[in-house]
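Peer 1: In the UniProt record's numbering, the protein residues as written are 1 to 276.
Take a look at the following structure, please.
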Amino acid sequence: MIHLSAFADEISSDLDEQIAVLQSERIRYIDLRSVWGVNVLDLSDQQVITVKQKLEDQNIKVAAVGSPIGKVPLDSSFEEHLQRFERALVVAKMLGTSYIRLFSFYPPQNGEVDSASYREQVIQHLREMTAHARAANLVLLHENEKGIYGDTIDHCVDLLQSINDKYFRAAFDPANFLQCNQTPYPDAYTALQPWLEYVHVKDVRSDGTLVVAGEGGAHWLELLQQLRQDGYDGFFALEPHLAAAGQYQGFSGPDLFRSASQALQKLLQQIGWKYD
Numbered sequence: 001m002i003h004l005s006a007f008a009d010e011i012s013s014d015l016d017e018q019i020a021v022l023q024s025e026r027i028r029y030i031d032l033r034s035v036w037g038v039n040v041l042d043l044s045d046q047q048v049i050t051v052k053q054k055l056e057d058q059n060i061k062v063a064a065v066g067s068p069i070g071k072v073p074l075d076s077s078f079e080e081h082l083q084r085f086e087r088a089l090v091v092a093k094m095l096g097t098s099y100i101r102l103f104s105f106y107p108p109q110n111g112e113v114d115s116a117s118y119r120e121q122v123i124q125h126l127r128e129m130t131a132h133a134r135a136a137n138l139v140l141l142h143e144n145e146k147g148i149y150g151d152t153i154d155h156c157v158d159l160l161q162s163i164n165d166k167y168f169r170a171a172f173d174p175a176n177f178l179q180c181n182q183t184p185y186p187d188a189y190t191a192l193q194p195w196l197e198y199v200h201v202k203d204v205r206s207d208g209t210l211v212v213a214g215e216g217g218a219h220w221l222e223l224l225q226q227l228r229q230d231g232y233d234g235f236f237a238l239e240p241h242l243a244a245a246g247q248y249q250g251f252s253g254p255d256l257f258r259s260a261s262q263a264l265q266k267l268l269q270q271i272g273w274k275y276d
């Protein structure tokens with residue numbers, strides 16, 4: 001059965017308010033990206049324990065760590081970034097999730113714009129992180145995102161084929177593909193389907209306005225039907241960005257988040273796809 005999750009910091013920075021809205025929407029999973037205005041990787045051990053206990057008390061589980069790993073220029077210190085990545089592994093273990101979301105690096109700050117010239121370095125960094133994740137029995141979810149190496153369909157396929165590891169999989173974000181002038185369905189979906197492990201839910205119109213699923217150009221109804229036909233049984237993580245979309249996180253607020261949740265659930269109910 002598929003599961004609904006959410007980047008709940010889109011609701012509020014306050015954990016209690018996040019939990020209250022998730023409960024009102026009957027969402028029992030969370031993609032933990034930030035709490036109390038603090039990025040998940042910057043939480044202390046005690047804060048992580050507190051978050052986990054509060055969630056467990058309300059029967060909410062952590063679906064994934066929504067880390068910012070890989071959202072740095074390629075020529076920044078990889079040694080320092082790898083230490084931050086190690087923190088992501090620790091936090092994922094503490095929270096009881098098998099998944100860590102990450103990205104595939106911004107171009108070097110030196111102005112190099114030919115992606116072919118730094119492709120090998122991207123793959124080398126991701127291979128090293130995948131090896132660490134494999135040793136920890138954790139799965140890395142690469143999100144396609146505008147501006148990073150893996151922002152287009154071809155580059156995503158290149159990464160997934162080159163790394164070729166069950167611990168490095170695709171987090172499919174249709175709206176992000178649209179923002180890169182790529183066609184999410186059927187083109188991106190068909191290309192990434194062999195590695196698809198996770199789905200992020202947002203939508204965008206041709207003028208760039210972010211909207212609830214089904215009101216933009218992502219063809220959510222057709223995509224959901226195809227996912228169901230292909231036997232997808234993972235998470236759908238709401239990340240609507242309806243009020244603001246920043247480099248490291250978006251925001252919707254409680255009311256707009258509820259609208260996004262209800263739009264997705266209505267589409268799932270429309271095709272008779274059961275979820276929890």
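Think of the CB as a built atom: it goes at the ideal place given N, C-alpha and C, for glycine as much as any other residue.
Can you tell me the Cα-Cα spacing of residue 212 and residue 95, whole angstroms?
Peer 2: If you number the sequence shown from 1, residue 212 lands on position 212. If you number the sequence shown from 1, residue 95 lands on position 95. Distance between the alpha carbons of residue 212 and residue 95 is about 29 angstroms.
Peer 1: Run through the DSSP bridge pairs and tell me what residue 168 is partnered with.
Peer 2: Position 168 of the sequence shown holds residue 168. Looking at the DSSP assignment, residue 168 forms a beta bridge with 140.
Peer 1: Compute the Euclidean distance between the alpha carbons of residue 225 and residue 267, then round it to the nearest angstrom.
Peer 2: Numbered from its first residue, the sequence shown carries residue 225 at position 225. Numbered from its first residue, the sequence shown carries residue 267 at position 267. About 10 angstroms.
Peer 1: Contact defined as beta carbons within less than 8 angstroms: I believe residue 89 pairs with residue 131. What is the distance between those atoms, to the nearest angstrom?
Peer 2: Residue mapping note: residue 89 aligns to position 89 of the sequence shown, counting from 1. Residue mapping note: residue 131 aligns to position 131 of the sequence shown, counting from 1. That belief does not hold up - the Cβ atoms of residue 89 and residue 131 are roughly 12 angstroms apart, past 8 angstroms.
Peer 1: Residue 104 and residue 70 look like a contact to me (Cβ under 8 angstroms); what is the Cβ gap, rounded to whole Å?
Peer 2: In the sequence shown, counting from the first residue as 1, residue 104 sits at position 104. In the sequence shown, counting from the first residue as 1, residue 70 sits at position 70. Indeed they touch by this definition, with Cβ atoms about 5 angstroms apart.
Peer 1: Can you name the residues that DSSP bridges to residue 250?
Peer 2: Within the sequence shown, numbered from 1, the residue matching residue 250 stands at position 250. DSSP output for residue 250 lists 245 as bridge partner(s).
Peer 1: Could you tell me the alpha carbon to alpha carbon distance between residue 199 and residue 61, rounded to whole angstroms?
Peer 2: To locate residue 199, count along the sequence shown from 1; it is residue 199. To locate residue 61, count along the sequence shown from 1; it is residue 61. Going from the Cα of residue 199 to the Cα of residue 61 covers about 17 angstroms.
Peer 1: Check each candidate in 79, 209, 87, 59 and name the one with the smallest Cα separation from residue 48.
Peer 2: Locating residue 48 in the sequence shown gives position 48, where the first residue counts as 1. Comparing Cα positions, the closest option is 87.
Peer 1: Given a cut-off of 8 angstroms on the beta-carbon distance, is the pair residue 171 and residue 143 in contact?
Peer 2: Along the sequence shown, read from residue 1 onward, the residue named residue 171 stands at position 171. Along the sequence shown, read from residue 1 onward, the residue named residue 143 stands at position 143. Closer than 8 angstroms, so yes.
Peer 1: Beta-carbon within less than 8 angstroms of residue 21's beta-carbon, same chain only, minus the 5 sequence neighbours each way: which residues are those?
Peer 2: As a position in the sequence shown, residue 21 is number 21, starting the count at 1. 8, 11, 12, 254, 257, 258.
Peer 1: Given that a residue counts as buried once 16 or more other Cβ atoms are within 10 Å of its Cβ, and exposed if not, what is residue 271?
Peer 2: Position 271 of the sequence shown, counting from 1, holds the residue named residue 271. Residue 271 should be labelled exposed.
Peer 1: Could you give the DSSP three-state label for residue 125: helix, strand or coil?
Peer 2: For the purposes of this step, residue 125 is taken as residue 125 along the sequence shown, with counting starting at 1. Helix, per DSSP.
Peer 1: When the Cα atoms are used, what is the spatial distance from residue 192 to residue 153?
Peer 2: Counting from one through the sequence shown, the residue named residue 192 turns up at place 192. Counting from one through the sequence shown, the residue named residue 153 turns up at place 153. C-alpha separation (whole angstroms): 8 angstroms.
Peer 1: Straight-line CA distance for residue 157 to residue 59?
Peer 2: Position 157 of the sequence shown holds residue 157. Position 59 of the sequence shown holds residue 59. Residue 157 and residue 59: Cα-Cα distance of roughly 36 angstroms.
Peer 1: Beta-carbon within less than 7 angstroms of residue 6's beta-carbon, same chain only, minus the 5 sequence neighbours each way: which residues are those?
Peer 2: As a working note, residue 6 is residue 6 in the sequence shown. Excluding sequence neighbours, residue 6 sits near 22, 27, 30, 31, 237, 238.
Peer 1: Within the chosen definition, does the segment 179 to 187 reach the segment 215 to 224 through at least 3 CB pairs nearer than 8 angstroms?
Peer 2: yes
Peer 1: Within a Cβ cutoff of 8 angstroms, which residues of the same chain sit near residue 72, ignoring the five residues on either side of it in sequence?
Peer 2: The sequence position of residue 72 within the sequence shown is 72, counting from 1. If the five residues before and after residue 72 are omitted, its C-beta is found closer than 8 angstroms to the C-beta atoms of 81, 105, 106, all from its own chain and listed in chain order.
Peer 1: Taking the C-alpha atoms as reference points, what is the distance between residue 84 and residue 121?
Peer 2: Here residue 84 corresponds to residue number 84 of the sequence shown, with the count starting at 1. Here residue 121 corresponds to residue number 121 of the sequence shown, with the count starting at 1. The straight-line gap from Cα to Cα measures roughly 18 angstroms.
Peer 1: If you draw a straight line from the C-alpha of residue 52 to the C-alpha of residue 15, how long is it?
Peer 2: As a position in the sequence shown, residue 52 is number 52, starting the count at 1. As a position in the sequence shown, residue 15 is number 15, starting the count at 1. Whole-angstrom Cα-Cα distance: 11 angstroms.
Peer 1: Just the C-alpha distance for residue 263 and residue 165, rounded to the nearest angstrom, thanks.
Peer 2: The residue you call residue 263 lines up with position 263 of the sequence shown. The residue you call residue 165 lines up with position 165 of the sequence shown. Spanning the two alpha carbons is a distance of roughly 34 angstroms.
Peer 1: Leaving aside the five residues before and after residue 147 along the sequence, list all residues of the same chain whose C-beta is less than 7 angstroms from its C-beta, in chain order.
Peer 2: Taking the sequence shown and counting its residues from 1, the one referred to as residue 147 is at position 147. Around residue 147: 106.
Peer 1: So what does residue 210 bridge to, in DSSP terms?
Peer 2: Residue mapping note: residue 210 aligns to position 210 of the sequence shown, counting from 1. 204.
Peer 1: Here's the rule: buried if 16 or more other CB atoms are within 10 angstroms of the residue's CB, otherwise exposed. What is residue 195?
Peer 2: Position 195 of the sequence shown holds residue 195. Buried, because 16 or more other Cβ atoms sit within 10 Å of the Cβ of residue 195.
Peer 1: Among the candidates 56, 3, 33, whose CA atom is the shortest distance from the CA of residue 247?
Peer 2: By one-based count along the sequence shown, residue 247 stands at place 247. Of the listed residues, the one whose Cα sits closest to residue 247 is 33.
Peer 1: Identify which residue in 44, 108, 3 has its Cα closest to the Cα of residue 63.
Peer 2: Sequence index remark: in the sequence shown, residue 63 carries index 63 (1-based). If we check each option's Cα against that of residue 63, 3 comes out closest.
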